[in-house]
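Trainee: Please read through the structure below; I'll follow up with questions.
See below:
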């Protein structure tokens, strides 16, 4: 799957992933109204609204980007109906040829981590049969519990030729609280980065490992360092756009081959019609606004990479 | 909810939580057979089997222990049907008067962490209405992302009078890989523990905070230290029994008042009938074996506390 991701990025010239993190306040009124008419103001109604909203965006952008990243929390908040919408979104995106990165930030130990891994990337055994649960292509993983937590994911990745992105340096303001603490003179995120490189060594695709990393666009200097610490790890970079990261900040996350990073934008794309810049599209044409925002983001990143 | 937990622990003289972490290999044949006859060897069949299995255990133990801790990964691996079984289990346990600790180990940033918090502890808004998603009483939270990840949970805890247990020092062998690294001469888990104490300061119940911690029974020395670092934090202690922790290891996790810790056992209770010690019960009477295992665990812990 890492090979497929690399190929699609090259073919589309777009190291970009669109974060499908729907919030009710992003969903245009005509969609919410129709969903509530059908299901009432219920969890099912909310789930229908975010699913229809997602579908519109995916239809408008699937030919421009290699991948999407649904954030499961935004679905899980609506309980079971929300998770049904998550599952439908994953399935629909895969039908459209998109690589799906499940932003689930799971992490536990032993058989528990294995359960998350089979539920999201692999197949679970039921009697003599086996079934995919959510079936994303990649997921994000929290490393705080150490190798016991990550190895079960790697095992499933090898079986399924899928991948993970391990949280190394997250994009939020307080990420330094623990991640920046100095251990033997090195920040903890560097120690985690070194471990990501090790975990990835024996599950290589053609040029990059199945084991990637998450490093926030908001920390370009740290990205520069981590790029060198984990040369074979693809870096998933959140924090572009709404969180403050800019195209020029991103060049250090890429390798000399122009690869090695994929930049996420969520609300900057999916709620583009709510920005002044794209307001002329209006709520009815929200998906076209998202398409335009993707085109603009592609140009911003391509020009930043050309000028480095 | 922390007050309710403390009261129930005192009333039942049982600082014990039963981990409802069903694996198909634990489920007795008569239950699996019936579920597969009704639903086939499907995800629905597996979900029905673990739900009926749970129900039998809960009916057998609800009068002996204050709390249960369903591990969501064990349900999530069966996709949507598995999560429906999780939700049914949470609801059923609450009907039986049990405090429910959702072992979900979630953690993200800002609005995303808030979505997890409202989905598991609070109510999500849908138009003019609002709904509980999974509605546990407590959840476990991963601190790697810092205060941005934890504060949204604390906000919901204050609104709902619920609580969280933050991962500090986990019970697994490789937990030291990052958690034990020395920062200014102190292990990282101590730094996290100090932060747990701070987070908990302004959301106190009568004697303990809504913000608790997870510290593994397998690390009694660290437990002793962390007990002092976070005097007002209730400590959820996994790793007793199957993972190697013993009653005598546990005394240091308690305060002088005999409170402040709740010890989890999962497979040691729920799959007791598969141990030689309880084999005479057989699969048909698996729930009675679980009841006996709870009684034995209560005695082990009470005698350890009496002898300290």
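Chains as they are written, first to last, in my numbering: chain A, 352 to 659; chain B, 352 to 659.
Quick reminder that beta carbons are idealized off the backbone N, C-alpha and C, glycines included.
Just so we're clear, the structure is a prediction, and the values are computed from it rather than from any experiment.
Tell me the DSSP secondary structure of residue 563 of chain B in three-state form.
Mentor: strand
Trainee: Please name the residue, chosen from B/607, B/603 and B/598, that lies closest to residue 654 of chain B on a Cα-to-Cα basis.
Mentor: B/598
Trainee: Can you have a look at residue 530 of chain A and say buried or exposed, based on whether 16 or more other CB atoms are within 10 angstroms of its CB?
Mentor: buried
Trainee: Could you check where the alpha helix (DSSP H) with residue 544 of chain A kicks off and where it finishes?
Mentor: 539-551 is the extent of the alpha helix (DSSP H) around residue 544 of chain A.
Trainee: Does the separation of the CB atoms of residue 468 of chain A and residue 506 of chain A fall below 9 Å?
Mentor: Contact flag set, yes.
Trainee: Looking at residue 576 of chain A and residue 544 of chain A, is the spacing between their C-beta atoms short of 9 Å?
Mentor: Less than 9 Å separates the beta-carbon of residue 544 of chain A from that of residue 576 of chain A.
Trainee: State the Cα-Cα distance for the pair residue 522 of chain B and residue 415 of chain B, rounded to the nearest angstrom.
Mentor: 25 Å
Trainee: Kindly provide the ranges of any beta strand (DSSP E) runs that are 3 or more residues long and lie completely inside the region 472-532 of chain A, ordered along the chain.
Mentor: 474-477, 480-483, 489-492 and 514-520
Trainee: Are the beta-carbon atoms of residue 435 of chain B and residue 398 of chain B separated by less than 9 Å?
Mentor: yes
Trainee: If contact means a Cβ-Cβ distance below 8 Å, which residues of the region 418-439 of chain A contact chain B?
Mentor: 422, 424, 425, 427, 428, 429, 430, 431, 433, 434, 435 and 438
Trainee: Would you tell me roughly how many angstroms separate the C-alpha atoms of residue 425 of chain B and residue 482 of chain A, rounded to the nearest one?
Mentor: 15 Å
Trainee: Since residue 457 of chain B sits in a beta bridge, which residues does DSSP pair it with?
Mentor: B/492
Trainee: For the candidate residues B/604, B/501, B/394 and B/440, whose alpha-carbon lies nearest to that of residue 403 of chain B?
Mentor: B/440
Trainee: Taking only beta-carbon atoms, is residue 396 of chain A less than 9 Å away from chain B?
Mentor: yes
Trainee: Residues of chain A with CB under 7 Å from residue 469 of chain B, in chain order?
Mentor: Within chain A, the residues near residue 469 of chain B are 428.
Trainee: Taking CB distances under 9 Å as the criterion, tell me whether residue 527 of chain B reaches chain A.
Mentor: yes
Trainee: Pairs of beta-carbons, one from the region 567-586 of chain B and one from the region 603-620 of chain B, closer than 8 Å: are there three or more?
Mentor: yes
Trainee: Would you say residue 614 of chain A and residue 581 of chain A are within 9 Å of each other, going by their C-beta atoms?
Mentor: Not a contact, by the Cβ cut-off of 9 Å.
Trainee: Give, in chain order, every residue of the region 541-555 of chain B whose Cβ lies closer than 9 Å to some Cβ of chain A.
Mentor: Of all residues in the region 541-555 of chain B, those with a C-beta nearer than 9 Å to a C-beta of chain A are 542, 543 and 546, reading in chain order.
Trainee: Should residue 485 of chain A be flagged as near chain B, meaning a C-beta pair shorter than 9 Å?
Mentor: Yes, residue 485 of chain A counts as interfacial toward chain B.
Trainee: Using a Cβ cut-off of 9 Å (strictly closer), state whether residue 379 of chain A contacts chain B.
Mentor: no
Trainee: Using only CA atoms, which one of A/442, A/500, A/527 and A/514 lies nearest to residue 527 of chain B?
Mentor: A/500
Trainee: Within 10 Å of its beta-carbon, does residue 438 of chain B have 16 or more other beta-carbons around it, so buried, or fewer, so exposed?
Mentor: buried
Trainee: Have a look at residue 555 of chain B and residue 493 of chain B and give me their C-alpha separation to the nearest angstrom.
Mentor: 20 Å
Trainee: On the criterion of 16 or more Cβ atoms from any shown chain inside 10 Å, does residue 635 of chain B qualify as buried, or is it exposed?
Mentor: exposed
Trainee: What are the boundary residues of the beta strand (DSSP E) that residue 421 of chain B is part of?
Mentor: 418-421
Trainee: Does DSSP put residue 449 of chain A in a helix, in a strand, or in coil?
Mentor: coil
Trainee: Going along chain A, which residues have a C-beta under 9 Å from residue 635 of chain B?
Mentor: Per Cβ cutoff of 9 Å: no residues; residue 635 of chain B is ~20 Å from chain A at best.
Trainee: Given residue 541 of chain B, which residues of its chain have a CB within under 8 Å of its CB, disregarding the five upstream and five downstream residues?
Mentor: 576, 577 and 580
Trainee: Quick one: list the residues of chain A neighbouring residue 532 of chain B, beta-carbon separation under 9 Å, in chain order.
Mentor: For residue 532 of chain B, the C-beta contacts it makes with chain A under 9 Å involve 532, 534, 535, 539 and 542, in order along the chain.
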